[in-house]
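K.L.:
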Amino acid sequence: MTEPVLSVRNLQVEFASRRGTLRAIDSVSFDIAKGEVLGVVGESGAGKSVTGLAVIGLIDSPGRISGGEIRLSGLRIDNLPPEEMRRVRGKRIGMIFQDPLTSLNPLYKIGDQLIETIRTHLNLSETAARRRAIDLLAEVGIPAPEKRIDGYPHEFSGGMRQRVVIALAICAEPELIIADEPTTALDVSVQAQIISLIKRLGRDHGTAVMLVTHDMGVIAETSDRVAVMYAGRVAEIGPVQDVVRNPLHPYAKGLMGAIPTLAGDDKRLVQIPGSMPRLSAIPRGCSFNPRCAFAFDRCRVERPEPLPRGAQSVACHLYDSVPAESAA
Amino acid sequence: MLAFTLRRAIQAIGVMIAVGIISFSMFRFAGDPVNQMVGMDTSSAERAAIRKSLGLDDPVIVQFGRYIGNAAQFKFGVSYQFRLPVSNLLMERMPATLELAICATIFAMLCGILMGVYSALRRDSWLTHAFQAISLIGISLPTFLIGILMIYLFSVTLGWLPSFGRGDVVHIGWWTTGLLTLSGLKALIMPSITLGLFQMTLIMRLVRTEMLEVMRTDYIRFARARGLTTRAIHYGHALRNTLIPVITVAGLQFGSVIAFAIITETVFQWPGMGLLFVQAVQNVDIPIMAAYLMMVSLIFVTINLVVDILYTIVDPRLRSTISRAH
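Listed in order, the protein sequences are those of chains A and B. The working numbering applies: residue 2 is where the first sequence begins, and numbers increase by one. The working numbering applies: residue 1098 is where the second sequence begins, and numbers increase by one.
Structure representation (structure tokens):
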């Protein structure tokens, strides 16, 4: 098996606060292979975005990576000196943020922002960088790029701006793209375009993509594999068809049950009772146990570790020492 | 763009006419000007003759029209105390005030921006805390006290700098400058710092707050995610966005620097318009007071106009909204 582009092992992120240290991410592990799209899904505050920021090394004080390791094509990057990590950002890892309206500096032409980024990472002349910038804009589907390159961000629509942001993220041909809710701020019709663009770029360049979102529809459409996060941990991870059709973890079951279908059946959508615990009050044992319909004594005492289950992996005591048939 | 400038210019003229009304009414509320010009033993016939020759028996509206007409040509009448045209007196004093105000503003901008940027980027350094302390002093201590303290330290105790006046000046046409002689430059140092200290602390605090604000924005986070160098992020992206509000404030403050120069000029006996004004107040020299009011307003209004235009140059968003609106 070839080495994964991104390999995260037992990642742990903590935030120092006045009331003690809060653990936002706790022993999160996953891999993303070349050309693969990993969807990361979960409620707000589950730690999806923080995981993305940890990978690209942008966790701001008072937060810090307090354990585990992150490898990019074998190179350990979680403990790189700041200057070397800066060179990795933008060159080997590209990132796309949620809101394209605020991701671009309003005072600079988009061409200048592209050229600046290209020349930071690639040894190109001003004219060569400009030519590359035009090519990139064409690639992300901006019409008349040689004209639009001299436009300011406010002259672009939301969807077009997100395309510019994507062009900026891929301008040095990164091995990995982290897309943090790239479609949340966009119209539904534009969402589909942006999703297929990200998918196409991943396929054409063999780029690994980590797609953070809370939209299961987006995940189902785009991802090869999906990781379901809950309270800073990975509850379940596996191939997208398996997790969507046959979720194992009770939380993942609840999530999938909450997806409306077009079939038009009048069944009420399943709702998971309660809400995710605050970081300062994560329950003992399995963090999902107070909301779980299947919780038993062990869940309230012992934290479940990830267990392989076919192609999937699930962190739930229900699957420990229970034969596969009865669990499914 | 042209229409925008034109509209702003018309607004400025409106403001100036309003100021004209106020400055004109000073003459009418400060007693009968004839009484102030003539002696006790002047007969009422002579008084009436003077009143007629000065046009003081015309209807108010005619007098006002004449006043504005003259003011537009920089004719502000004759000073009671100096018996000289007020415009000549002001022109003679203006270079001193403008030079002082410009030096003070340059000092304030330069130090204010540098200190502000530094204290935003190094929030916990001891130098930042020192800057904060200085800014507290600058904001809370009154100007005259700082001036007097500096005179005591640098003129009286150390004897490094002159305690009053402009030093030697060079005449260039009608303009006089102290920038070309050593004694002129030395004389500028303390008044400029005294006058600029308040603005400096203001700008420093503004830059610091704005910069911290900008550093939290998404586009700075995205710039970091793109792997730009810290230098490019701080000085290319953050600082330029920070400077937009700073330009406005510094520009508008330039007007108050000129107005506040009254105190600094008094402390350092700086031969500028402010000192002239203070002397005029002491001697109830209304033509000078009225003219000074008009001059300072004109400077304020002009700066406002320039700041508005500068704004559109720095911020591309404004440029296109303006051209779209017309």
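Beta carbons are placed, not taken as given, at the ideal position from N, Cα and C, and that holds for glycine.
What is the C-beta distance between residue 122/A and residue 173/A, in whole angstroms, given that I count them as a contact (C-beta under 8 Å)?
P.N.:
Residue 122/A to residue 173/A, Cβ: 4 Å. Contact.
K.L.:
Please classify residue 136/A as buried or exposed, where buried requires at least 16 neighbouring CB atoms within 10 angstroms.
P.N.:
With fewer than 16 other Cβ atoms within 10 Å, it is exposed.
K.L.:
So, does the CB of residue 1315/B fall closer than 8 Å to a CB anywhere in chain A?
P.N.:
By this cut-off, residue 1315/B is an interface position.
K.L.:
Starting from residue 228/A, follow the beta strand (DSSP E) in both directions and report where the run begins and ends.
P.N.:
Note, residue 228/A: beta strand (DSSP E), 226 to 231.
K.L.:
Suppose contacts are defined by Cβ-Cβ distances below 8 Å. Is residue 243/A in contact with residue 316/A by that definition?
P.N.:
No.
K.L.:
Compare the C-beta of residue 1414/B against all C-beta atoms of chain A and say whether one is closer than 8 Å.
P.N.:
True, the Cβ-Cβ gap to chain A drops below 8 Å.
K.L.:
Distance, Cα to Cα, residue 167/A vs residue 57/A?
P.N.:
Spanning the two alpha carbons is a distance of roughly 16 Å.
K.L.:
Mind reading off the beta-carbon distance from residue 1117/B to residue 1168/B? Whole number of angstroms is fine, and I expect it under 8 Å.
P.N.:
Contact flag correct, Cβ pair sits at about 6 Å.
K.L.:
For the beta strand (DSSP E) holding residue 211/A, just list the boundary residues, first then last.
P.N.:
Per DSSP, residue 211/A belongs to the beta strand (DSSP E) from 209 to 214.
K.L.:
To be precise: take each residue of the segment 1192 to 1225 of chain B, compare its Cβ to all Cβ atoms of chain A, and keep it if any distance is under 7 Å. Which residues remain?
P.N.:
Residues passing the 7 Å Cβ filter: none.
K.L.:
Could you give the residue range of the alpha helix (DSSP H) that holds residue 236/A?
P.N.:
That residue, residue 236/A, is in no alpha helix (DSSP H); its beta strand (DSSP E) goes 234 to 240.
K.L.:
Would you list, in sequence order, the uninterrupted beta strand (DSSP E) runs of no fewer than 3 residues that lie entirely inside the segment 1307 to 1361 of chain B?
P.N.:
Whole beta strand (DSSP E) segments, 3+ residues: zero.
K.L.:
When you compare the CB positions of residue 91/A and residue 1322/B, do they come within less than 8 Å of one another, or not?
P.N.:
In contact: residue 91/A and residue 1322/B (Cβ atoms closer than 8 Å).
K.L.:
On a Cα-Cα basis, can you pick out the residue from 68/A, 106/A, 19/A that is closest to residue 153/A?
P.N.:
Checked all of 68/A, 106/A, 19/A; the closest Cα to residue 153/A is 106/A.
K.L.:
Where residue 1249/B and residue 1230/B are concerned, what is the direct C-alpha to C-alpha distance, given to the nearest angstrom?
P.N.:
Roughly 22 Å between the two C-alpha positions.
K.L.:
Less than 8 Å between CB atoms is the rule here; does residue 106/A satisfy it with respect to chain B?
P.N.:
Chain B, which has a Cβ nearer than 8 Å to the Cβ of residue 106/A, makes this yes.
K.L.:
Show which residues of chain B have a CB atom less than 7 Å away from the CB atom of residue 169/A.
P.N.:
Within chain B, the residues near residue 169/A are 1323.
K.L.:
Assuming residue 1/A and residue 6/A form a contact by the criterion Cβ under 8 Å, report the distance between their Cβ atoms to the nearest whole angstrom.
P.N.:
Residue 1/A lies beyond the residue range present for chain A, which begins at 2 and ends at 329; the question has no answer from this structure.
K.L.:
Look up residue 1191/B in the DSSP assignment and say whether it is helix, strand or coil.
P.N.:
Here residue 1191/B sits in helix by DSSP.
K.L.:
Is residue 1248/B close to the ligand ATP? I mean its beta-carbon at under 7 Å from any heavy atom of the ligand.
P.N.:
As presented, the structure is devoid of all ligands, the ligand ATP included, so that no description of it is given.
K.L.:
Is the shortest distance between the beta-carbon of residue 120/A and the beta-carbons of chain D less than 8 Å?
P.N.:
In summary, chain D is missing from the structure at hand, where the protein chains are A and B.
K.L.:
What is the rounded straight-line gap between the Cα of residue 1305/B and the Cα of residue 1115/B?
P.N.:
Rounded to the nearest angstrom, the two C-alpha atoms are 37 Å apart.
K.L.:
Is it true that the CB of residue 163/A sits closer than 8 Å to the CB of residue 195/A?
P.N.:
Yes.
K.L.:
Within the continuous alpha helix (DSSP H) that includes residue 1121/B, where are the two ends?
P.N.:
1099 to 1126 is the extent of the alpha helix (DSSP H) around residue 1121/B.
K.L.:
Of all the CB atoms in chain A, is at least one closer than 8 Å to the CB of residue 1319/B?
P.N.:
True, the Cβ-Cβ gap to chain A drops below 8 Å.
K.L.:
Spell out the partners DSSP gives residue 12/A in its beta bridges.
P.N.:
BP columns for residue 12/A point to 29/A.
K.L.:
Counting contacts by CB-CB distance shorter than 8 Å, is residue 260/A in contact with chain B?
P.N.:
For residue 260/A, the answer is no, since every Cβ of chain B falls outside 8 Å of its Cβ.
K.L.:
Looking only at its own chain, which residues have a Cβ that is under 6 Å from the Cβ of residue 1402/B, when we skip the five neighbours before and after it?
P.N.:
Answer for residue 1402/B: 1105, 1109, listed in chain order.
K.L.:
I'd like to know whether the C-beta atoms of residue 1364/B and residue 1291/B end up nearer to each other than 8 Å.
P.N.:
Yes, the pair counts as a contact, with Cβ atoms nearer than the cut-off.
K.L.:
Would the segment 1223 to 1239 of chain B and the segment 1307 to 1316 of chain B be scored as touching if the rule is three or more Cβ pairs under 8 Å?
P.N.:
No, because fewer than three Cβ pairs between the segment 1223 to 1239 of chain B and the segment 1307 to 1316 of chain B fall closer than 8 Å, the two stretches do not touch.
K.L.:
For residue 136/A, write down the residues that DSSP places opposite it in a beta bridge.
P.N.:
Per DSSP, none; premise fails for residue 136/A.
K.L.:
On the three-state DSSP scale, how would you describe residue 99/A?
P.N.:
Of the three classes helix, strand and coil, the one that applies to residue 99/A here is coil, per DSSP.
K.L.:
Could one say the Cβ of residue 301/A lies closer than 8 Å to chain B's Cβ atoms, at least one of them?
P.N.:
Chain B, which has no Cβ nearer than 8 Å to the Cβ of residue 301/A, makes this no.
K.L.:
Can the beta-carbon of residue 1264/B be found closer than 8 Å to that of residue 1204/B?
P.N.:
Cβ distance not < 8 Å, so residue 1264/B and residue 1204/B don't count as in contact.
K.L.:
Which of helix, strand or coil does DSSP assign to residue 1272/B?
P.N.:
Reduced to three states, the DSSP call for residue 1272/B is strand.
K.L.:
Nearest to residue 1124/B by CA position, among 1253/B, 1160/B, 1348/B, is which residue?
P.N.:
Answer by Cα proximity: 1160/B.
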